[in-house]
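Novice:
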Amino acid sequence: MPWCAAFVLSISTAAAPSAGAAPATLDSLLARFRAMPGMEARFREEKRMSLLAAPLVSEGTLHYAPPGRLVRHTTKPAPSTVLVDGGMVRFGDARGSETLQIEGNPVARLFVDSFLKILAGDRAALEALFAMELKAGAGDVWELRLRPKVDPMPKMIERIELSGRGLVVASMRIVETGGDETVTAFTDVDAARRYDEAESARVFRLPAR
Amino acid sequence: MTRGDRIHLALAAAACAAMAAYCWQRMDVVNEITAFIPAGDDARLAEISRKLVDTSLTRTLILSVESTDAASAVAGAKQMATALRADPEVEWLRSGVEDSTALGERFWNLYFPRRYHLLSDDPERELPARLSDEGLAEAARELKHRLSQPSGALVKRFAGADPLLGFADRLRRLESARDGPLQVQDGQFTTTHGRHAVIFLASRHSAFDGTFQGPLQDTIRKAFDDANARAGGTLRLEQSAVARFALESERIVKADIGRISTLSTVAIVLLFLVLFRSLRVLLLSFMPILFGVLFANTATLLLFGRVHAVTLAFGSSLVGVCVDYPIHFLNRHALEPAPDGPHGTLRRIREALLLGSATTVAGFAGLALTDFPGLREMAVYATAGIGAALFSTCFHLPALSAARPVATRLHRRVADAVGRLIAAMVRRRRVLVALPVGAVILCAAGLARVRWDPSLSMLNRVDPAMLDEDGRVRALVSRMDASRLFIATGPDEETALRRNDALYMRLVAARKDGVLGDFRSLHDLVTSAALQARNAEAVRASPRLAERMTAALSAEGFRPEAFTGFVEALSEPVAAPLRPADLEGTPMDDLLRSFRTRLDGETAIVTLLRDVRDSAALEARTAELEGVRLFDQDRFLDSTYVRCRTRVIELVLAGIVVVTLMVLVAYRRIRPAAGVMVPALLSALGGPAVLALAGVQLNLLHIVAALLVLSMGEDFAEFFIQAADDPRALQATGTSVVLCALSTVLGFGLLGMSQMPALQALGLTTAIGVLLSLLLSPTALVFAGTRRGR
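Going line by line, the protein sequences match chains A and Z.
Position in the first sequence (from 1) plus 161 gives the number in our numbering.
Position in the second sequence (from 1) plus 391 gives the number in our numbering.
1) Which ranges does the alpha helix (DSSP H) cover as unbroken runs of at least 4 residues, wholly within the region 928-974 of chain Z, from first to last along the chain?
2) In the DSSP assignment, find the beta strand (DSSP E) that holds A:P309 and state where it starts and stops.
3) Rounded to the nearest angstrom, how far is the Cβ of Z:L1089 from that of Z:D854, given a contact under 8 Å?
4) Using only CA atoms, which one of A:G253, A:T236, A:A297 lies nearest to Z:R537?
5) Please return the same chain residues whose Cβ sits closer than 6 Å to the Cβ of Z:A759, not counting the five positions on each side in sequence.
6) What whole-angstrom Cβ distance do Z:V456 and Z:Q630 have, given they're in contact under 8 Å?
7) Is the CB-CB distance between Z:L384 and Z:C834 below 8 Å?
8) Looking only at its chain, what residues have a beta carbon closer than 8 Å to the beta carbon of Z:E1017, apart from the 5 residues adjacent to it on each side?
9) Nearest-angstrom Cα distance between Z:V1043 and Z:M410?
10) Run through chain Z and tell me which residues come within less than 9 Å of A:M314, C-beta to C-beta.
11) Within 8 Å (strictly less), CB to CB, does A:A369 reach chain Z?
12) Going along chain Z, which residues have a C-beta under 8 Å from A:L213?
13) Evaluate A:T348 with the Cβ neighbour count: other Cβ atoms within 10 Å of its Cβ, from every protein chain shown; 16 or more gives buried, anything less gives exposed.
14) Can you list the alpha helix (DSSP H) stretches of 4 or more residues lying completely in the region 600-652 of chain Z, in chain order?
15) Could you list which residues in chain A have their beta carbon closer than 8 Å to that of Z:G551, in chain order?
16) Counting only the same chain and skipping the five closest in sequence on each side, list residues whose C-beta sits under 6 Å from that of Z:R505.
17) Answer with buried or exposed for Z:K547, where buried requires no fewer than 16 other C-beta atoms within 10 angstroms of its C-beta.
18) Counting Cβ pairs, one atom from each stretch, are 3 or more of them under 8 Å apart for the region 1129-1139 of chain Z and the region 1045-1059 of chain Z?
19) Just the chain A side, please: which residues come within less than 9 Å of Z:A953 by C-beta, in chain order?
20) Please report how far the alpha carbon of Z:T751 lies from the alpha carbon of Z:D715, in whole angstroms.
21) At the level of alpha carbons, what is the spacing between Z:L545 and A:D301?
22) Using the DSSP secondary-structure output, state which residues sit across from A:F204 in a beta bridge.
23) Have a look at Z:R911, Z:A839, Z:M678 and flag the residue whose alpha-carbon is nearest the alpha-carbon of Z:F782.
24) What does Z:K547 reach in chain A if we use C-beta pairs closer than 7 Å?
25) Tell me, to the nearest whole angstrom, how far the beta carbon of Z:Q470 is from that of Z:D617; I am working on the premise that it is less than 8 Å.
26) In chain Z, which residues lie less than 8 Å from A:L217 when you measure between Cβ atoms?
27) A:H234 lies in the beta strand (DSSP E); which residues open and close that run?
28) Could you round the C-beta distance between Z:G1125 and Z:V824 to whole angstroms and report it? I think they count as a contact, below 8 Å.
29) I need the DSSP call for Z:T1013, collapsed to helix, strand or coil.
30) Would you report the Cα separation of Z:T1156 and Z:L1082, rounded to the nearest angstrom?
31) Go through its chain and collect everything with a Cβ distance to A:I172's Cβ below 6 Å, but skip five positions before and after it.
32) Rounded to the nearest angstrom, how far is the Cβ of Z:G1066 from that of Z:A1171, given a contact under 8 Å?
33) Just curious, the alpha helix (DSSP H) that Z:D1106 is in, first and last residue?
34) Would you kindly work out how many angstroms separate the C-alpha atoms of Z:L999 and Z:I878, rounded to a whole number?
35) My parser needs the alpha helix (DSSP H) runs of 4 or more residues fully inside the region 703-788 of chain Z; what are they?
36) Does Z:L555 come within less than 8 Å of chain A when only Cβ atoms are used?
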């Protein structure tokens, strides 16, 4: 079940190492991600669906701690948290919480793995899941396009587009085969964020009810 | 040796060979505690209990492979899982989550067309509000909320045809029924911190069937050793499995019986070699035992198809009775041979032998009148064994014994010493009176302090380390309680499902109120056809539902044209209700099988419980539900055990009356009858009394052992009374009794050192009782009022 996929679609995040030389190649871009000690960013996500006349908009903060912990705290329109840790996706809001297995679900695994593999800078793992294309623009601007190649993902997701400048990822766009899309813009990206033990315990968890 | 003797011996040899071959081929030792559940009263509960012994719950093994790092644990578990899947004894094995694409598709096909059949557990109460304008507005808000959740992509796929989220809710319930606290890493179940990788597997055969569980444990151990070797010895295996406890019990029983039989045999061999210095006498003394044990096993296997471990343990104690018959004959024949040879010697003691064995058989045969299969088995074993040993003593030993045996010097000295001792006791009448008086005081003091063991489980020894390990592994996976559950039954599946629906509602309330921690029910997978029909009818009957739903969705910002699937579905024919049979052969099949069974010709649906905090309150909440009952196996077994123990005491008392009557009929006078019964009774009661004084809690096996002592005590006393008027016969009888008591005490003293409480009880009671018998049996002369006694 693509619940986790939806989560990653919804968090639509990226990371931004500290500004420096423009990444001329995919290897150098991923190497920067690999060296990243952690990340924090604000996000604004718009989900455009054929079901809805107007997009669903959510805002909040995103946190990443290598090698595999990720949390999205949504503050608007209603508080909720999505936590990826140790092969599980946990969701919590004012009504309660639920836990989703990533494994055994190729769709969910692809999404979570792909996102975490980008942040981890794991090219081999990414290439197993996607056909990748990096376009370097003028100055520090770049665009990374991922096309799923593992069934059944190509039936659901047409492409994932990440764009940035220097080592700051500015946006992520996920285009579904049915025409729905999710666009996330990132601001206040801190790609040098480190989480000590106390912070980790506070940030990477579901809020107490 | 006459021609008749030769025929007897040839037939005996053939019979022994045939019985040995049969036992070798068919021997099946079991140790199911349910053998001590009555077959008559509470037959349904007994049936449930027996069923529980062989369910997927008891046959499931949980393996935990631990390492300091998750990757090693996962790799080790995967290697083990691959090896174990190849074992034909493994019925199924789950070590991770299968590819959910196929599962999702089958689930979709089964449940999506019936999404509104399963909308509510209480449609008459819930659906009017849920399908009202306010309810539909809330449903639209909920849909929007769900679309923003991690599960939004899934919800989006079918929201157009299911804005009420019936399918999504059913999906959640199924997931909660399947998932525990485990996560999956690289395709393998692991605990949250990843240090433990977990494998579930089930054996094809019962957890109590050591024939198959032993090799399966060997396979598990080998698979682990291979994985551990590859991991550089960093892995640790722990298990939770009923089979391990059963195997451990079986191992202890077999080891103890083996050790005790060996030592007992060695002791008897030494005793005989030292006293008789004759290999022939030695071999002859074992012949009735061999014949008796083979016949007892054969008869038990023929009648019951298997032998219970407790019966086998009891059987080893029966050797103590059977060996007495050849001892009496061979000792008497050596010390006081009849002029007309061995057959003449046999005639001299035949009356005592027959009366002794008849009273023994009568005492044990009473156990066959119980409703407890285990006790009936013991009764058959004892009756067959004693009868066969007596038969062999009477028909085989005389034919094979020397016509004119010569007693060794040591044998004569022992006999003289015993004779002098008896003569001295007879002369000092006060001693013979004081002994039973002392025994009465001992028995009174001890029996006044008797405390009964309250639980059947205490007959068995559970290794604390294994119990801890089991608890640790179970805690990792948060399993349901295997011994406490609800059962909804019905003459047909639909009735059982309807009762299960009603139970589900009560349990939801009980969980909410904190009466129980959690439960797993078939209701999450499938409900009764009646409930499904009521749901479907309520949805169809809701006025202008499509129109009002569309309006509510529009008001929440949805595009009405995206929900044509919902509108069309309302006008389509109603799908047939989902039946349990529809789940067979699907990935939900293993879940279905753990919930559904046949019981006493009816369909039974099991609801598993965890963390029952108030059993009485739970029972009260479901008391008026027809066909539903809470089954607490531990409580049931303990109450059954108490009834079993009470029944056995009643039967033993009845047996004593019968035996007393038999002795009265045999002697036709009260005094010799009292001479047989009083020392025997005091000896039988003495064992439990001494143990009670030592603070030991008594159990069923103490009573059975006391019955054994009673039988031996009667034999001793009868022989004394039969020989009372002949000093030489009395001397020989005294020596026989000493030999019998020594051989028994040597054997049972060792049984008392067993790790298994059941064997300990048998051993200690018998050893103490037989020693008391040795002391008290000469007092038969006082009670009997023989000339020497007078």
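Beta carbons: idealized from backbone N, C-alpha and C, even for Gly.
Specialist: Answer, in terms of the structure:
1) 936-946, 955-962, 971-974
2) 302-309
3) With 8 Å as the limit, Z:L1089 and Z:D854 do not qualify as a contact, their Cβ atoms being about 23 Å apart.
4) A:G253
5) R767, A770
6) In fact, because the Cβ distance is near 10 Å, the residues do not count as touching under 8 Å.
7) Only positions 392 to 1181 of chain Z appear in the structure, and residue 384 of chain Z is not among them; the question remains open.
8) R890
9) 31 Å
10) Correct list: empty, because the minimum Cβ distance to chain Z is about 11 Å.
11) no
12) K535, L538, G948, F949, R950
13) exposed
14) 601-621
15) L212
16) A966, L969
17) buried
18) no
19) M210, S211, L212, L213
20) 12 Å
21) 37 Å
22) A:G221, A:F347
23) Z:M678
24) M210, L212
25) 7 Å
26) K535, L538, S539
27) 230-237
28) With a Cβ gap of about 19 Å, Z:G1125 and Z:V824 do not count as contacting.
29) coil
30) 8 Å
31) In this prediction, A:I172 has a pLDDT of 35, which is less than 50 and means its spatial position is unreliable; nothing more can be read from the coordinates.
32) 4 Å
33) 1091-1113
34) 9 Å
35) 715-726, 733-756, 764-786
36) no
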